[in-house]
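Student:
Residue numbers (the numbering used here), protein chains in the order written: chain A, 51 to 214; chain B, 12 to 794; chain C, 829 to 1099.
#1: Count the other CB atoms, across all protein chains shown, that sit within 10 Å of the CB of residue 516 of chain B; report buried if there are 16 or more and exposed otherwise.
#2: So what does residue 957 of chain C bridge to, in DSSP terms?
#3: When the Cα of residue 405 of chain B is compared with those of B/671, B/210, B/362 and B/562, which residue comes out closest?
#4: So, is residue 789 of chain B buried or exposed, given that buried needs 16 or more other C-beta atoms within 10 angstroms?
#5: Distance check for residue 1057 of chain C and residue 1095 of chain C, CA to CA, integer angstroms please.
#6: Just confirm the distance between the C-beta atoms of residue 138 of chain B and residue 82 of chain B, as a whole number of angstroms; I'd bet it's less than 8 Å.
#7: Smallest Cα separation from residue 179 of chain A: which of C/928, C/853, C/897 and C/1060?
#8: So the candidates are C/953, C/980 and C/1004; which of them puts its Cα closest to the Cα of residue 919 of chain C?
#9: If you compare alpha carbons, which of B/33, B/546 and B/335 is closest to residue 156 of chain A?
#10: Closer than 8 Å between beta carbons: that is the criterion. Which residues of the stretch 756-775 of chain B meet it against chain C?
#11: Anything in chain A within Cβ reach of residue 868 of chain C, meaning under 9 Å, just list it in chain order.
#12: Assuming residue 882 of chain C contacts residue 888 of chain C (C-beta within less than 8 Å), just tell me the rounded distance between them.
#13: For the 8 Å Cβ check, are there 3 or more pairs between the stretch 140-152 of chain A and the stretch 951-968 of chain C?
#14: What number of angstroms, rounded off, separates the C-alpha of residue 221 of chain B from the C-alpha of residue 651 of chain B?
#15: Curious, which full-length alpha helix (DSSP H) runs of at least 4 residues does the stretch 893-919 of chain C contain?
#16: Let's test the definition: count the other Cβ atoms within 10 Å of the Cβ of residue 384 of chain B and tell me whether it reaches 16, buried, or not, exposed.
#17: Residues in the same chain with beta-carbon distance under 6 Å from residue 834 of chain C, minus the five sequence neighbours each way, listed in chain order, please.
#18: Quick one, which of A/127, A/108 and A/205 has its alpha-carbon nearest residue 167 of chain A's?
#19: To be precise: take each residue of the stretch 207-227 of chain B, compare its Cβ to all Cβ atoms of chain A, and keep it if any distance is under 9 Å. Which residues remain?
#20: Indicate whether the contact test is met: 3 or more Cβ pairs, each with one atom in the stretch 164-182 of chain B and one in the stretch 352-359 of chain B, closer than 8 Å.
#21: Just how far apart, CA to CA, sit residue 126 of chain B and residue 643 of chain B?
#22: Less than 9 Å separating the beta-carbons of residue 942 of chain C and residue 921 of chain C?
#23: Check for me: the beta strand (DSSP E) holding residue 336 of chain B runs from which residue to which?
#24: Quick one: which chain B residues come within Cβ less than 7 Å of residue 95 of chain A?
#25: For residue 934 of chain C, return the contacting residues in chain A, with the cut-off set at a CB-CB distance below 8 Å.
#26: Judging by CA-CA distance, which residue of B/488, B/257 and B/371 is the nearest neighbour of residue 436 of chain B?
#27: Output the distance between the C-alpha atoms of residue 193 of chain A and residue 957 of chain C, rounded to the nearest integer angstrom.
#28: Are there 16 or more other CB atoms within 10 angstroms of the CB of residue 390 of chain B, so buried, or fewer, so exposed?
#29: Near residue 76 of chain A, what residues of its chain come up, given a Cβ to Cβ distance below 7 Å and the 5 sequence neighbours on each side ignored?
#30: In or out: residue 793 of chain B buried (at least 16 other Cβ within 10 Å) or exposed?
#31: Please name the residues in the stretch 114-146 of chain A whose beta-carbon is closer than 9 Å to at least one beta-carbon of chain C, in chain order.
#32: How big is the Cα-Cα spacing for residue 949 of chain C and residue 502 of chain B?
#33: Which residues in chain C have a C-beta closer than 8 Å to the C-beta of residue 182 of chain A? List them in chain order.
#34: Kindly list the residues whose CB is nearer than 7 Å to the CB of residue 527 of chain B, restricted to its own chain and excluding five residues on each side of it in sequence; keep chain order.
#35: May I ask you to list the residues that DSSP assigns as paired with residue 68 of chain B?
#36: Note down, in chain order, every chain A residue with its Cβ under 7 Å from the Cβ of residue 276 of chain B.
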């Protein structure tokens, strides 16, 4: 067993966990943050994407102990109270989700992409940069649309400083 | 019988009610549930496609830390567990009647939770280990010693149908469980005899799997005090699961509650009970603890119910004017090791003539067992298969006859004036404008711009291809549905037995209810998926939900309005027949007073009605589809550059949702054409598509954006004129993609590439044709 | 995963000592090959020794005319590094083409090179550029380092610390990706330094990354795309599976080599 400390969605947590516990299950089962999903065993589907110190990672392939001392943001920590993050809003507006299982990972991947990509996003860039996330319901069409809409909104000056 | 309430929200792209929880991480998927004291089940799975079970030694496993129990097929028998009561033969009044060979009953292989005699496919659970943690159970599962005696096996569809193939079931003389013939054989023979042309082909539509992104999971518990079981398990219909699993456990259905809230994709894979669902319930009884199972993705690839796997031999008799005279088809469906559903065979059987007026046809429909995971209805069950056969056959006819592919289709399409149209195998198409769909599509897809784009691609050293297909499909599904409508002072709740996995029922059903009752959309709540609340219902499959829900809600609304009038009469001090209902308001002409639903409930108390409906008549969604592709002849790499569809869904309740359904449907159909296959090594019988590293999926960067257009030719068969919108994207997609590949390679002559058309297959086909024609390696016509 | 003990030493010496003390330890870098293998229960190490906290293993430097990249430097860092982008743009491009965005945020060059997956991209860049692999014990040329599938010259307990890349006159990389795994079905790295031309092929070789002698010879004589015409690759030396036969891979190598030559200084990814 090993003690890990991290700041998750702004709250400091200290837990004693198995050395082999993956970050995804630390979030889901130790902390009860079940919004982060696990959809595969091979680090491919992206359902488990969270932000580790502001960077998108597949939390199914990071040990909880590797995140010791880090700041983690999950889908539960994206909105500011009742105010949704622009990416969350855009997914709803553009019907960028159906069953919703891939959605937390999609939204976390998209927010990080928008926040860190230098220069404007295009459909081509979004399709290339988002390839590490799988969706079985939408054919991706409306997710691409949602990300471009959110990116546009987030570029506008004076937008609400939502998000991490 | 189309009624006409005031449609305020029906037809509007309202944003979904479901989304708020799903975009904030507050969904309730099966693995999100945890119960105090829960323990973990892990399956020991057969590494052999076919093997006799000669003994299972669990001594070592039982001695490992944290292990609570190891259970086998012998234990299932000792405990008197029932088999999963599959009911695979579709049985609405309009389904084709499938029988066993010689017209007898269909032999259904037993489906115990764990087999005691043999393992019949790779991945079949032969024992269950339960331990305090999942890791401990996984480790102990490796220590369970199973003695297997490997047996001869067969996986391939055609080989499994041979008389000398290894047999799966001792009670059958071979592997053939269905053999039925339909149509007018004499008339068809005569038509073929007088035909100017006969065109034939064999269409192979391979095995794929649904890949819902939520791996299947189950959490079972038994409340020792009440003696009631609870199962948390995402499915395609909690009510069905309740009844089937109660039979397995040998208890009355009211002793089992099934909870299926948010479901992370289904596509048919979750519409039948899984052995693990019964196993966790049984284990919870034996151990007195809640028991959880969660499949790895690799387990899902091996043991989720799979889809397609049909071989169709088709021939078309054509006269000298290009008019279709008759069709012959012989379809062979691979059901896998157990027959859980014959829907893929049955659904296709009624649609072999496609969108075309073919006066006579014969069809032989057969189903065969094999040493593979069982197949089930997978998105648009049976229809992509037969659409592939007829549309590819027409493309071949067009080439052989030298008639333009659109013109040949136009000469033979069923005309609106022929509706309702009975096809040669008995299906009655309700409505549709098939040729107009083609015209709309050619505009939407900018057919006129094709030569320019073809030339531009050629300049980039790419082979350009245009694929096209028409389609008609049937939506039937379980005929019964129930709705409870409950009026309170705060809103109206509808409890219904469909089971969405992303289709947005909470939104579109609320739109229908809101408009029928004249209340704000925001004040309607749809409740689904918990069998302690939902008492009956047919689940979600076969494009049935919107149609069945709107029909039963329409009937229920009439009952509710009648009840409302009764109550309003008292409150408004008017005679019941003096109370009029309009747009959400009960009004008394005599007293000139009025009252709305919520005030009515506040003053007279919450009221509810229950309405059952049975509706057998199928509907026939239809449409046309075109895509453009570019092939890199040096690598066989392929890019889809345009993809357009026109889909007649009948009345469209929520276009945002329907377009979304079309997009996702397209991706699944395209996936089968280009990447997806449950590949089994022909030497060893081992499935080699066990993870996302082997099973190619539609992704952001291999899918285009789509142009989709909805057509609303109202169906005369149900109150709101609904057809279905969930499967039209998938139905023509495999045919369209393969048609485009053939067009792109047309300059080399006719080719045969089976799905999935991987870069290797495309490149190899080009190499073969070049060798045959001694062509230079560069692209034709490009320096 | 089987249970293991996680350790995070702060120095290279501690890492080596922990390895020596453990029954059966594995080094952990980005974890994007090792952790998936552990999840599939393909290995059962007693200890995982995380190299992430050892400062000297991290970072990118340009020194003595060569580019030195620390073993725990992540793919995304290499891809975004102005130093790499300026000196060897094809290497930055290669790093930016590995896996997906999230994988690049975790995966490291040392982990990739030490694992020597036959379909990984870095081995092509390392061998194609004639890099030197610096370890906790010695230095090795790339030619000596890569042995066979998942096999390198590393001894038990030996840690890759840095990879040192000589700066070429020009280099480029072209690859064709698997529709499913996204790994390279074939990837060809071409580099010219002075009059020396090196070509390295990943994804296709039956023994892992390799240098096709015939291509190198042809391009040394004539460093133009046309020089590849007439070259051949023997399919007998290549991998074969249901999605890519050896003949197909042989074809891809020639096509990709030509395309790499046609767009020198770039990375191209085909599918």
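Ideal Cβ positions, reconstructed from N, Cα and C, are used throughout, including at glycine.
Tutor: Quick look at the numbers:
#1: buried
#2: None, per the DSSP bridge assignment.
#3: B/210
#4: Its pLDDT being 48, under 50, residue 789 of chain B is placed unreliably in this model, and the value from its coordinates should be taken loosely. It counts as exposed.
#5: 21 Å
#6: 7 Å
#7: C/928
#8: C/953
#9: B/33
#10: 769, 770, 771, 774 and 775
#11: 91 and 92
#12: Going by Cβ atoms, the distance from residue 882 of chain C to residue 888 of chain C rounds to 16 Å, so no, they are not a contact pair.
#13: no
#14: 22 Å
#15: 903-908 and 910-915
#16: buried
#17: 876
#18: A/205
#19: 221, 222, 223, 224, 225 and 226
#20: no
#21: 49 Å
#22: no
#23: 335-347
#24: 224 and 703
#25: 107, 108, 111 and 112
#26: B/371
#27: 40 Å
#28: buried
#29: 67 and 114
#30: Note that residue 793 of chain B scores 38 on pLDDT, short of 50, meaning its location in the model is unreliable; the coordinates nonetheless yield the value given after this. Per the 10 Å Cβ criterion, exposed.
#31: 115, 116 and 118
#32: 59 Å
#33: 927, 928, 929, 930 and 931
#34: 16, 564, 565 and 568
#35: B/156
#36: 149, 151, 186 and 187
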